[in-house]
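J.:
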Amino acid sequence: MMKQIIKYMPTRFLQLFGFLLLSGLLTAPAMAAAQIMTAPEAQEAVKEGKMILLDIRTPEEWREDGVAEGAYPVDLSAKNFGELLNKVLEQRDDKLLGMICATGGRTGYVMSVLAQNKLTGIVDVSEGMHGRFFGGPGWLKRGLPVITADEAQKAFDERFNK
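Next up, the structure:
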């Protein structure tokens, strides 16, 4: 089964997987598979301090649409994605870790791999920023607040790059 998963993973995600495996983050016992939250549920969890939300879209997408208020920008396609994710995981304490992308495709992929490897407390905001046919209208169409990519990056740096 693992060979089938690895066969279809892009190189950068394999780097992330190897990094997490070596750091011991994928060996914790599983408590639950990835949860799914709507955009309003995710917004509330972030506001209440119960969840860290990562926007795993590209910098171009962040500049075009903004970043969900309270989310941190971490580009899934970046070479240092694994390193950045590890920083977040090390500092999340008992908080949930949520991820959002445009329509749920990228988050669904990442969540499935992380859940299969026993990473717990993960949340997929599967309707994404733009919505999906059967998954909700998305953060933007719901009129939920966004901030600029620069504001989101500054918040990430202040929290995780001390």
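Per mature numbering (1 follows the signal peptide of the UniProt record, and there is no 0): the sequence shown = residues -32 to -1, 1 to 130. Cβ atoms here follow ideal geometry from the backbone N, Cα and C, with glycine treated the same way.
My guess is that I4 and S80 are in contact by the Cβ rule of under 8 angstroms, so how many angstroms apart are they, rounded?
T.: Translated into positions along the sequence shown, residue 4 becomes position 36. Translated into positions along the sequence shown, residue 80 becomes position 112. That belief does not hold up - the Cβ atoms of I4 and S80 are roughly 12 angstroms apart, past 8 angstroms.
J.: Please report how far the alpha carbon of G76 lies from the alpha carbon of K130, in whole angstroms.
T.: Locating residue 76 in the sequence shown gives position 108, counting from the first residue. Locating residue 130 in the sequence shown gives position 162, counting from the first residue. Distance between the alpha carbons of G76 and K130 is about 30 angstroms.
J.: Label V42 either buried or exposed according to how many other C-beta atoms from any shown protein chain fall within 10 Å of its C-beta, with 16 as the threshold for buried.
T.: Sequence index remark: in the sequence shown, residue 42 carries index 74 (1-based). Looking at its Cβ environment, which holds 16 or more other Cβ atoms inside 10 Å, V42 is buried.
J.: According to DSSP, which residues form a beta bridge with M19?
T.: Position 51 of the sequence shown, counted from the first residue, corresponds to residue 19. L64.
J.: Pick from W107, T88 and K109: whose alpha carbon is nearest that of L57?
T.: Position 89 of the sequence shown, counting from 1, holds the residue named residue 57. Per the Cα distances, T88.
J.: Please report the straight-line C-alpha distance between T71 and K15, rounded to a whole angstrom.
T.: Along the sequence shown, read from residue 1 onward, the residue named residue 71 stands at position 103. Along the sequence shown, read from residue 1 onward, the residue named residue 15 stands at position 47. Roughly 22 angstroms between the two C-alpha positions.
J.: Taking the DSSP output, what are the residues bridged to G41?
T.: Translated into the one-based positions of the sequence shown, residue 41 becomes position 73. For clarity, residue 41 is Pro in the given sequence; the question names Gly instead. According to DSSP, which records beta bridges pairwise, P41 is partnered with D23.
J.: What is the DSSP secondary structure of V114, reduced to helix, strand or coil?
T.: Residue mapping note: residue 114 aligns to position 146 of the sequence shown, counting from 1. Of the three classes helix, strand and coil, the one that applies to V114 here is strand, per DSSP.
J.: When we look at the beta-carbon of D23 and count the other beta-carbons within 10 Å, is it buried (16 or more) or exposed?
T.: Position 55 of the sequence shown, counted from the start, is the residue given in the question as residue 23. That one is buried.
J.: Nearest CA to the CA of C69: which residue from D62, A13, S45 and Q121?
T.: Taking the sequence shown and counting its residues from 1, one reaches residue 69 at position 101. Closest option to C69, Cα to Cα, is S45.
J.: Suppose you measure from the CA of D125 to the CA of A117; what does that come to, to the nearest Å?
T.: As a position in the sequence shown, residue 125 is number 157, starting the count at 1. As a position in the sequence shown, residue 117 is number 149, starting the count at 1. If you take the alpha carbons of D125 and A117, they lie about 12 angstroms apart.
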